[in-house]
Amino acid sequence: MTVPGMTNHFPTKAVLLEAVLRERDVDAGAHLAERTGADLLRGVLEIVTRDEADHNLTQLFAVLSAEATMTEHPAHEYFTQRYELVIDTVRRGFSEAAEAGELREGIAPDAAAQYLVALSDGLQLQRLYRVGEHSQAHLMRGFLEGLLR
């Protein structure tokens, strides 16, 4: 594709980078589409494991998501909707796990979903700084397994 062709489809750098992230989201959604309960939650860990291998994409996500916290940023709405979708998907996994008796007593699916997503974001940043000796997926797996029966 030529530079004029790129700028026709993606008028700004932010729009191009958002398109790259949207494509990653489509792949993640397809990976989780048929999964439910604890299997869905373990599927999230599989996505984290896959994404850990791509430092550049992880860095792109971290930078763009931080910039997009400003409401006037072109990707602000994308990230708002993405976080709502991710938390809703993870919440569904925890709710289904609870219904199947796979979630420990006293664990609120809403809170667990936010914890898991927040843990993912924080560990992603630590990995970008090369802090800690354990992988993001390993630590998230330990957290998740502590919530499941």
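Using our numbering, you'd call the opening residue of the sequence shown number 845 and step up by one each time. No residue lacks a Cβ here, since even glycine has one placed at the ideal position from N, Cα and C. The model shown is predicted, which means the values in this text are computed figures rather than measured ones.
Restricting attention to ALA882, LEU876, HIS899 and VAL859, the CA atom closest to the CA of ARG971 is found in HIS899.
Sixteen is the threshold: since fewer than 16 other Cβ atoms of the shown chains lie within 10 Å of the Cβ of ARG993, the residue is exposed. The Cβ atoms of ASP965 and SER909 lie closer than 9 Å to each other.
Where HIS982 is concerned, the enclosing alpha helix (DSSP H) starts and stops at 980-991. A straight-line Cα-Cα distance of about 12 Å links PHE854 and THR846. About 5 Å separates the beta carbons of GLU946 and ALA882, which is inside the 8 Å limit, making them a contact pair.
One Cα belongs to LEU991, the other to VAL859, and the distance between them is close to 38 Å.
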